[in-house]
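Visitor: Take a look at the following structure, please.
Below you can see the structure in the form of structure tokens.
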């Protein structure tokens, strides 16, 4: 036997073992629910426009304010003292943008960062994203939303705020590594005023046949929901659906639009924005399902009650169809996935009927490149320090906003009472003139004093 060869074999084996060990160390580990919630708590933000005095008075008197488009977002980049939040375009109505309505971004430390001058002078009817420097404007929209009408373009937006405070940034994950059956985790701030009021048995409270909305309430708790992926489509095939291409079963609520969708490694893979069409929508007519698998046919004033671009409710097709002749059945009898009836390939308009959905984060990166936006995204896994900072034990027996036991490791949700805002109405009733004289952000419950002249 060749002596030199025999000496090389152990060395080669050792090298292979070392390489395998290094590869194992480099592979991210799946995180616990508490660890994912820790990341979500530190990177999820609440986004809403300033409340007028009339709106604030109505809310304090428990009257609904329909046009207050409260939503969520996630911090995805930092450059010097500029932070960039990824969210959905429908959190910014065209009316609010055109009138330069001030918005507030609430970060994990309960600081309200006020942004102004958001008017990009774009027309919703002929909307096209254009090249712009990320630090030149506070809002970059990839789509345009007008109330009661269709979004034109991709339902994504970037909003920038300035701060000297050090905030964690979400890590970007690999959506291509996900497959149906994998669990995703959605974080966001529910809009209580847009939720249906339920009876103890879970049925909706009705008034004249319409679903009653919950009474306005100033306290909020961030929600984390999770469920299995049902289908993932290429973003290029979903522009007609404004880019919604990740479909999952979940327990999200109105107001969570724009919130992050994390994988099991705590990495950002999507932006949540649509609830499934089989969820109740308050303020609209109610009709029970008539057979197993059928979807409620809810109509109001001769139109589909589930306004597809109503950030307070569920999103539905404008024609109200299910894509399968109105039966509500899926198109693939073997897998249970919706399909086109021939190939079994899922179709966006069918999947939308049954599942909540999100935008792909890799499509966001592609869109950034198309308009020349270059953000320093974090492409490495979340740091152990960030994971540990907000990690707390989550009790298995958790009752959420529905009043029902919701906790299930496969599919569930809970509202984090350690991540709460005591009076959301007061903080969004801010005096913009006073705040801008002294600061661009303010702690909840505090007032900025004007600078002396």
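Numbering (mature numbering (1 follows the signal peptide of the UniProt record, and there is no 0)), first residue to last: -23 to -1, 1 to 430.
For each residue, glycine too, the CB sits at the ideal point set by N, CA and C.
On the DSSP bridge assignment, give the partners of residue 263 in chain order.
Guide: Per DSSP, none; premise fails for residue 263.
Visitor: Flag residue 176 as yes if its beta-carbon sits less than 8 Å from any beta-carbon of chain B, otherwise no.
Guide: Absent from the structure is chain B; it holds one protein chain and no more.
Visitor: Would you kindly check if the distance between the Cβ of residue 331 and the Cβ of residue 255 is under 8 Å?
Guide: Their beta carbons are under 8 Å apart, which means residue 255 touches residue 331 by this criterion.
Visitor: Assuming residue 356 contacts residue 54 (C-beta within less than 8 Å), just tell me the rounded distance between them.
Guide: Contact flag wrong, Cβ pair sits at about 11 Å.
Visitor: Give me the Cα-Cα distance between residue 22 and residue 103, rounded to the nearest whole angstrom.
Guide: Whole-angstrom Cα-Cα distance: 30 Å.
Visitor: Using only the alpha-carbon positions, how far apart do residue 406 and residue 45 sit?
Guide: Cα to Cα, residue 406 sits roughly 12 Å from residue 45.
Visitor: Under the three-state reduction of DSSP, which class applies to residue 250: helix, strand or coil?
Guide: Strand.
Visitor: By Cβ distance below 6 Å, which residues in the same chain neighbour residue 400 in space, the five residues on each side in sequence not counted?
Guide: Only 195 meet the Cβ criterion.
Visitor: Quick check on residue 182: does DSSP put it in helix, strand or coil?
Guide: In the structure shown, residue 182 sits in coil (DSSP, three-state: anything other than H, G, I, E or B).
Visitor: Quick one: what's got a C-beta closer than 6 Å to residue 137's C-beta in the same chain, skipping five residues either side?
Guide: 59, 61, 115.
Visitor: Residue 76 to residue 112, Cα distance in whole Å?
Guide: Answer to the nearest angstrom: the Cα atoms are 21 Å apart.
Visitor: Within a Cβ cutoff of 8 Å, which residues of the same chain sit near residue 215, ignoring the five residues on either side of it in sequence?
Guide: Correct list, in chain order: 221, 222, 325.
Visitor: Locate the alpha helix (DSSP H) running through residue 346, then write down its first and last residues.
Guide: Here the alpha helix (DSSP H) through residue 346 covers 338 to 347.
Visitor: Could you tell me the alpha carbon to alpha carbon distance between residue 435 and residue 121, rounded to whole angstroms?
Guide: Here the chain comprises residues numbered -23 to 430, so residue 435 is not present and cannot be evaluated.
Visitor: Give the range of the beta strand (DSSP E) segment to which residue 64 is assigned.
Guide: Residues 59 to 64.
Visitor: Count the other CB atoms within 10 Å of the CB of residue 98; is the residue buried (16 or more) or exposed (fewer)?
Guide: Per the 10 Å Cβ criterion, exposed.
Visitor: Contact between the region 236 to 245 and the region 4 to 22: three or more CB pairs below 8 Å?
Guide: Counting Cβ pairs under 8 Å, three or more are found: they touch.
Visitor: Is it buried or exposed for residue 445, if we count other Cβ within 10 angstroms and need 16 for buried?
Guide: Nothing can be reported for residue 445, as the shown portion of the chain is limited to -23 through 430.
Visitor: Do residue 261 and residue 188 have their C-beta atoms closer together than 8 Å?
Guide: Yes, these two residues count as a Cβ contact at 8 Å.
Visitor: Just to check my reading of the structure: residue 263 and residue 181 have Cβ atoms closer than 8 Å, yes? What is that Cβ distance to the nearest angstrom?
Guide: Right, their Cβ atoms sit about 6 Å apart.
Visitor: Give me the Cα-Cα distance between residue 345 and residue 28, rounded to the nearest whole angstrom.
Guide: Looking at the two C-alpha atoms, the distance is approximately 31 Å.
Visitor: Note down, in chain order, each residue of its chain lying with its Cβ closer than 7 Å to the Cβ of residue 340, except the 5 sequence neighbours on either side.
Guide: The residues are 212, 220.
Visitor: Just verifying my parser: in three-state terms, what is the DSSP assignment at residue 402?
Guide: Residue state, collapsed to three classes: helix.
Visitor: Per DSSP, what kind of secondary structure is residue 38 in: helix, strand or coil?
Guide: If DSSP states are grouped into helix, strand and coil, residue 38 belongs with coil.
Visitor: Tell me which residue opens and which closes the alpha helix (DSSP H) that residue 12 is part of.
Guide: It spans 10 to 20 - the alpha helix (DSSP H) in which residue 12 sits, taken as one unbroken run.
Visitor: Mapping DSSP to helix, strand and coil, what is residue 213?
Guide: The answer is helix: DSSP assigns residue 213 an H, G or I state.
Visitor: Hey, how far is the Cα of residue 11 from the Cα of residue 391?
Guide: Their backbone Cα atoms lie some 11 Å apart in a straight line.
Visitor: What is the DSSP secondary structure of residue 172, reduced to helix, strand or coil?
Guide: Correct three-state label for residue 172: coil.
Visitor: Over what stretch of residues does the alpha helix (DSSP H) that includes residue 366 continue unbroken?
Guide: Note, residue 366: alpha helix (DSSP H), 361 to 366.
Visitor: Excluding the 5 residues flanking residue 108 on each side, which residues of the same chain have their C-beta closer than 7 Å to its C-beta?
Guide: These residues qualify, in order along the chain: 348, 349.
Visitor: Please work out which residues of its chain come closer than 6 Å, Cβ to Cβ, to residue 186, disregarding the five sequence neighbours upstream and downstream, and give them in chain order.
Guide: Around residue 186: 262.
Visitor: Can you say whether residue 429 is buried or exposed, counting buried as having 16 or more other CB atoms within 10 angstroms of its CB?
Guide: Here residue 429 scores only 33 on pLDDT, less than 50, and its place in the model should not be relied on; the value that follows carries that caveat. Residue 429 is exposed by the Cβ-count criterion.
Visitor: Under 8 Å by Cβ, that's how I've got residue 227 and residue 140 pegged, so tell me the actual separation to the nearest angstrom.
Guide: Their Cβ separation, rounded to whole angstroms, is 31 Å, which puts residue 227 and residue 140 out of contact at 8 Å.
Visitor: Distance, Cα to Cα, residue 163 vs residue 388?
Guide: Spanning the two alpha carbons is a distance of roughly 11 Å.
Visitor: Would you call residue 361 buried or exposed, if buried means 16 or more other Cβ atoms sit within 10 Å of its Cβ?
Guide: It counts as exposed.
Visitor: Are there 16 or more other CB atoms within 10 angstroms of the CB of residue 149, so buried, or fewer, so exposed?
Guide: Per the 10 Å Cβ criterion, buried.
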